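Undergrad: If you scroll down you'll find the structure; I have some questions about it.
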Amino acid sequence: MDPLDRIKEQIESNPVIIYMKGTPQFPQCGFSSRAAAALQDCGDKFAYVNILADPEIFENLPKFADWPTFPQVYVDGELIGGCDITLELHASGELQKMLKEAAKKWPDEEEGQQN
Amino acid sequence: MNRQQTIEHKLQQALSPMHLEVLSETHMHNVPEDAESHYRVTAVSEQFSGKSLLQRHRLVNAALAEELANGIHALALHTMTPEEWSEKNGHTPTSPPCLGGGAK
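Listed in order, the protein sequences are those of chains A and B.
Residue 1486 is where the first sequence starts when you use our numbering, and the numbers rise one by one after that.
Residue 2 is where the second sequence starts when you use our numbering, and the numbers rise one by one after that.
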């Protein structure tokens, strides 16, 4: 599949998804680590893509999003931002609300796509 | 002009900030000391008024598009309006340690 179509499919089928370096368990970048930790702290489900394991996404996502850096967090198909914005939203309590709302949108039977 | 000065110059032009701080954090990372690759920017500008964080960061990214395409690996951003800046008493967070996954 075309990488841009794959990205589109991923952010549309996962109500909350983070594109990061490494995984939430084994992050490979301090910024990715902090953003994933903020999502985990909210206690709701989220999907992740390890861009270091998927060079095609690594290369194409900045172009797709018009956003030059990683991590990138998408809620409800929309980019909310990178590490700094995610942390600011977490500190203000806004992230918790957004994720709680998005959590209702996961399909019942299907687990979130986790690469 | 080194990269830090270039960043300062471009952001002065683009944002007319009342406060601007550009810190090189390259030394904190797994790259050569002269890599000029990791920066933290704190910008306080009227131009951020009425804009979401996403829109503010897009403004900064656009001003630094050339640098971001040519070797800036990390750009931590703190964007505030003058009102927000005074509420926070000029406090900005610090960067995390690197963890080593610098593939690009």
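Don't be surprised by glycine CBs; every beta carbon is placed ideally from N, CA and C.
Keep in mind it's a predicted model, so treat the numbers as computed, not measured.
#1: Is GLU1563/A helix, strand or coil when you go by DSSP?
#2: When DSSP builds the beta bridges, which residues end up paired with GLY103/B?
#3: Anything in chain A within Cβ reach of GLY72/B, meaning under 7 angstroms, just list it in chain order.
#4: Counting along the chain, where does the alpha helix (DSSP H) carrying SER1577/A start and finish?
#5: Start and end of the beta strand (DSSP E) containing ASN62/B?
#6: Return the residue from the list GLY1578/A, ALA1576/A, ILE1542/A, ASP1569/A that minimises the CA-CA distance to ILE1496/A.
#7: Whose C-beta lies closer than 8 angstroms to the C-beta of LYS105/B among residues of the same chain, with five residues either side of it excluded?
#8: In chain order, what residues of the same chain lie with their CB nearer than 8 angstroms to the CB of TYR1533/A, ignoring the 5 residues before and after it?
#9: Which word fits SER38/B, buried or exposed, when buried means at least 16 other C-beta atoms lie within 10 angstroms of its C-beta?
#10: Under 8 angstroms, CB to CB, which of the residues in the stretch 1569-1582 of chain A have a partner in chain B?
#11: With a CB to CB cut of under 6 angstroms and the five nearest residues on each side skipped, what residues in its chain are close to LEU76/B?
#12: Spell out the partners DSSP gives ILE1503/A in its beta bridges.
#13: I need the straight-line Cα distance from PRO18/B to GLU9/B, nearest angstrom please.
#14: Step through the CB atoms of chain B and report whether any lies within less than 9 angstroms of the CB of ASP1539/A.
#15: Can you pull the chain A residues whose beta carbon is under 8 angstroms from the beta carbon of ALA77/B, in chain order?
#16: Kindly indicate which three-state DSSP category THR27/B falls into: helix, strand or coil?
#17: Between which two residues does the beta strand (DSSP E) holding ALA77/B run?
TA: In short, the structure shows the following:
#1: Locating residue 1563/A in the first sequence gives position 78, counting from the first residue. Reduced to three states, the DSSP call for GLU1563/A is strand.
#2: Your numbering for residue 103/B matches position 102 in the second sequence. According to DSSP, which records beta bridges pairwise, GLY103/B is partnered with nothing at all.
#3: Counting from 1 along the second sequence, the entry for residue 72/B is found at position 71. Residues of chain A passing the Cβ test: none, with the nearest at roughly 12 angstroms.
#4: Counting from 1 along the first sequence, the entry for residue 1577/A is found at position 92. Run containing SER1577/A: 1568-1577, per the alpha helix (DSSP H) assignment.
#5: Taking the first residue of the second sequence as 1, we reach residue 62/B at position 61. Unbroken run through ASN62/B is the alpha helix (DSSP H), 54-64; no beta strand (DSSP E).
#6: Walking along the first sequence from the start, residue 1496/A turns up at place 11. It is ILE1542/A whose Cα lies nearest to the Cα of ILE1496/A.
#7: Counting from one through the second sequence, the residue named residue 105/B turns up at place 104. In this predicted model, LYS105/B has a pLDDT of only 49, less than 50, meaning its place in the structure is not dependable enough to derive any value.
#8: The residue labelled residue 1533/A in the question sits at position 48 within the first sequence. Taken in chain order, the residues that qualify are ILE1502, ILE1503, TYR1504, MET1505, THR1508, PRO1509, ALA1521, GLN1599, ASN1600.
#9: Indexing the second sequence from 1 puts residue 38/B at position 37. Buried: at least 16 other Cβ atoms inside 10 Å.
#10: ASP1569, ILE1570, LEU1572, GLU1573, LEU1574
#11: Within the second sequence, the letter at position 75 stands for residue 76/B. Cβ neighbours of LEU76/B beyond the five flanking positions: TYR40.
#12: Translated into positions along the first sequence, residue 1503/A becomes position 18. TYR1533/A, VAL1558/A.
#13: Working through the second sequence from its first residue, we reach residue 18/B at position 17. Working through the second sequence from its first residue, we reach residue 9/B at position 8. Their backbone Cα atoms lie some 10 angstroms apart in a straight line.
#14: On the first sequence, residue 1539/A is found 54 positions in, with the first residue counted as 1. Chain B contact via Cβ: absent.
#15: Here residue 77/B is taken as the residue at index 76 of the second sequence, counted from 1. Ordered by position in chain A, the residues that pass the 8 angstroms Cβ test against ALA77/B are PHE1516, CYS1568, ASP1569.
#16: Within the second sequence, residue 27/B is the residue found at index 26, counting from 1. In the three-state DSSP reduction, THR27/B falls in the helix class (H, G or I).
#17: For this step, residue 77/B is matched to residue 76 along the second sequence. Taken as a continuous stretch (DSSP letters only), the beta strand (DSSP E) holding ALA77/B covers 75-81.
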